[in-house]
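Here's the structure, in structure tokens; my notes come after.
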Amino acid sequence: DGGITQSPKYLFRKEGQNVTLSCEQNLNHDAMYWYRQDPGQGLRLIYYSQIVNDFQKGDIAEGYSVSREKKESFPLTVTSAQKNPTAFYLCASSISAAGGTDTQYFGPGTRLTVL
Amino acid sequence: KNQVEQSPQSLIILEGKNCTLQCNYTVSPFSNLRWYKQDTGRGPVSLTIMTFSENTKSNGRYTATLDADTKQSSLHITASQLSDSASYICVVSAPRTDSWGKLQFGAGTQVVVTP
């Protein structure tokens, strides 16, 4: 898992609630990413950030929001607008986002369950 | 349609035996291909990375091969150990477009090594 931490490891949410997943890295990486993993599917990109105070939507951004106020932190908020939020969420970082040549290092993940 | 297809979905092998996992991709143009290992409930960890000009790359008992002409890659595990039980994910990167190179993830092959 390198120098990337995610918290909490398990999270339970009631329908209609917003929840925020934490992601912190001490690798001095510029780029950070949020992915969602569902059984039988490949990882899908939610949001990514190439630099502080900048972020871009990925393939499945609807119902999610992020911020990048500090280089080392990239929190993800799952809003009530996300209709099927139960999943395993992975945060990753890389030196840069250039060309996909930089290896992405993943955190240990947060499993979110909607009750 | 997923641009990275992996087979088999799952396999069970006896400890000490060898196995080979397959990855077919349609991503074009292609920058590099990675294999990741993901233990249950953890984040993926990079095993190998190959550019289009490389045919093979080893990491201990793991050997990845690449045929860029047929767009196929394989991951061979030699003398399997119980700790090899995990999901193995093939990830293909396209060259840099706009400001970054997007990764395409396969759904993974679940490997179970039994005593």
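Those sequence lines, one after another, are chains A and B.
First residue of the first sequence: 2, per this note's numbering; consecutive thereafter.
First residue of the second sequence: 11, per this note's numbering; consecutive thereafter.
Don't be surprised by glycine CBs; every beta carbon is placed ideally from N, CA and C.
For residue i, collect the residues of the same chain with a Cβ closer than 6 Å to its Cβ; drop the 5 residues on either side in sequence, then sort them by chain order.
i: A/Q51; result: A32, A98
i: A/R112; result: Y11, F89
i: A/K72; result: V53
i: A/V67; result: Y48, F56, L77
Any heavy atom of the ligand ZN within a distance shorter than 7 Å of the CB on residue i?
i: A/L46; result: The ligand ZN is absent from the structure shown, which contains no ligand whatsoever.
Which term fits residue i, buried or exposed, when burial requires 16 or more other beta carbons within 10 angstroms of its beta carbon?
i: B/S63; result: exposed
i: B/D79; result: exposed
i: B/G118; result: buried
i: B/Q114; result: buried
i: B/R44; result: buried
i: A/R37; result: buried
i: A/F107; result: buried
i: A/Q83; result: buried
i: B/K67; result: buried
i: B/S17; result: exposed
i: B/Q91; result: exposed
i: A/V20; result: buried
i: B/Q19; result: exposed
i: A/L116; result: exposed
Closest to residue i by CA distance: which of the options is it?
i: A/W35; options: A/T6, A/Q18, A/V115; result: A/T6
i: B/Q48; options: B/N42, B/L57, B/F40; result: B/L57
i: B/T88; options: B/I23, B/G53, B/P54; result: B/I23
i: B/Q13; options: B/S68, B/C33, B/L76, B/G26; result: B/C33
i: B/P54; options: A/L116, A/G110, A/T114, A/P9; result: A/G110
i: A/N27; options: A/S81, A/S74, A/V115, A/L46; result: A/S74
i: B/E15; options: B/F40, B/K67, B/I99, B/S93; result: B/I99
i: A/I47; options: A/F13, A/K10, A/T87, A/Y65; result: A/Y65
i: B/K112; options: B/Q120, B/S68, B/D94, B/P39; result: B/P39
i: B/T50; options: B/S97, B/A104, B/P125; result: B/S97
Mind pulling the chain A residues with CB within less than 7 Å of residue i?
i: B/S56; result: T104
i: B/A117; result: G41, Q42, G43
i: B/N12; result: G43
i: B/I59; result: T104
In the DSSP output, what is residue i paired with across the bridge?
i: B/T73; result: B/S68, B/H86
i: B/F40; result: Note: B/F40 sits in no beta bridge, so no partner.
i: A/T6; result: A/E25
i: B/Q48; result: B/S97
i: A/D55; result: A/I52
i: A/Q38; result: A/F89
i: B/T124; result: B/L24
i: A/S74; result: A/E25, A/K71
Spatial neighbours of residue i within its chain, please: CB distance less than 8 Å, with the 5 preceding and 5 following residues excluded, ordered by chain position.
i: A/L44; result: Y36, R37, Q38, L91
i: B/S84; result: T30, L31, Q32, C33, A74, T75
i: B/V101; result: V14, L43, R44, W45, Y46, L113, Q114, F115, G116
Under 9 Å Cβ-Cβ, which residues of chain A neighbour residue i?
i: B/G51; result: K10, F89, P109, G110, R112
Can you list, in chain order, the residues of its chain whose CB lies under 7 Å from that of residue i, leaving out five sequence neighbours each side?
i: B/S109; result: Interpretation of B/S109 is limited by its pLDDT of 47, a score under 50 that renders its predicted location unreliable; the figure taken from the coordinates is listed afterwards. For B/S109, where only same-chain residues beyond five positions count, there are no Cβ hits under 7 Å.
i: A/P9; result: T111
i: B/S95; result: V121, V122, V123
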